[in-house]
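Just below is one structure, and these are the notes that go with it.
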Amino acid sequence: SDTLRLSGVTKTYNPGKPTAVEVLRGVDLAVAPGEVVALVAPSGAGKSTLLHVAGLLDTPDAGQVLLDGTDMTRLSDRRRTMARRDLVGFVYQFHHLLPEFTALENVVLPQLAHGTPRAQAEARALDLMDRVGVRNRATHRPAELSGGEQQRVAFCRALANAPRLLLADEPTGNLDPATSDRVFDALMVLVRSTGLAALIATHNLQLAARMDRVLRLDAGHVVPA
Ligand code: ADP
Ligand code: ADP
Numbered sequence: 002s003d004t005l006r007l008s009g010v011t012k013t014y015n016p017g018k019p020t021a022v023e024v025l026r027g028v029d030l031a032v033a034p035g036e037v038v039a040l041v042a043p044s045g046a047g048k049s050t051l052l053h054v055a056g057l058l059d060t061p062d063a064g065q066v067l068l069d070g071t072d073m074t075r076l077s078d079r080r081r082t083m084a085r086r087d088l089v090g091f092v093y094q095f096h097h098l099l100p101e102f103t104a105l106e107n108v109v110l111p112q113l114a115h116g117t118p119r120a121q122a123e124a125r126a127l128d129l130m131d132r133v134g135v136r137n138r139a140t141h142r143p144a145e146l147s148g149g150e151q152q153r154v155a156f157c158r159a160l161a162n163a164p165r166l167l168l169a170d171e172p173t174g175n176l177d178p179a180t181s182d183r184v185f186d187a188l189m190v191l192v193r194s195t196g197l198a199a200l201i202a203t204h205n206l207q208l209a210a211r212m213d214r215v216l217r218l219d220a221g222h223v224v225p226a
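Heads up: the sequence shown runs through residues 2 to 226, numbered per UniProt numbering.
Structural data, given as structure tokens:
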């Protein structure tokens, strides 16, 4: 089955008030295992809302959010939170690494929280960091890394607990074009080598064109670009 499937998903902020904003008006989309899908949307179109609903950080007003075939909207809040920690990895425009910890610790900590023994967590972290060329930065703190290195470490952290779905919101948005290209290549190496599904929101049409499929969020609906 699809890793992610949204059916008829709607979301309105401030419903029933004069300030109501109807952001999602019946979103249908599916991402298969191993597939990398670009989500292109003008600013304010609702891309963050869509990613938060898909990643179980927010609940839709109506519709279904299926992860690995299970309708997450039917779960209790507690089970949904557990499912999010097991199944979803997030990457944002800014790395949000913990500044007082090393790059390695930033990738190890989520695994310890997940119950992975330290030695195993460190081995996995170093393997992920090796694949994107930042293993030699393991003992650096985030402030001692270049912007591209910070994002690579953030990718490793997002994949630390082996999620099934990666959701990324402008993952290269704060990098210069050349760095952005190389960091995107690194992300693709990780995604392709783990076989997870990825939905990547970006304004960068050149990056979008390198993904398997491009979707557009327009007037509250998702359509092929
Ligand atoms: P994007 O990520 O595409 O820029 P967002 O999903 O952040 O768009 O926001 C879509 C629309 O919903 C915007 O008009 C925004 O102002 C509005 N919005 C987002 N979050 C909230 C909120 N918590 N309360 C009210 N309106 C919101
Ligand atoms: P870029 O030109 O790619 O933005 P920087 O000039 O920020 O990179 O950094 C170049 C290299 O120096 C990077 O590999 C980074 O890890 C390292 N570096 C940057 N700042 C520090 C620091 N304060 N301490 C240790 N290493 C650093």
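For each residue, glycine too, the CB sits at the ideal point set by N, CA and C.
Length at least 4, wholly inside the region 11-97: the alpha helix (DSSP H) runs in chain order
48-55, 78-88
What are the boundary residues of the alpha helix (DSSP H) that includes Pro-225?
Element bounds for Pro-225: not the alpha helix (DSSP H) but the beta strand (DSSP E), 222-225.
If contact is defined by three or more beta carbon pairs under 8 Å, each pair taking one atom from either stretch, is the region 140-155 in contact with the region 171-184?
yes
Start and end of the beta strand (DSSP E) containing Arg-217?
214-219
Just mark Met-130 as buried or exposed, buried being the case when its beta carbon has 16 or more other beta carbons within 10 Å.
buried
Between Asp-219 and ligand 1, is the CB less than 8 Å from at least one heavy atom?
no
So, under 8 Å CB-CB, Thr-11 and Gly-64 are touching, yes? Tell me the CB distance rounded to an integer number of Å.
6 Å
Within its chain, find whatever has a CB closer than 6 Å to the CB of His-115; leave out the 5 residues flanking it on each side and keep chain order.
Asn-162
For the beta strand (DSSP E) containing Ala-202, name the first residue and the last one.
198-202
Are Val-66 and Arg-6 close, meaning C-beta to C-beta below 9 Å?
yes
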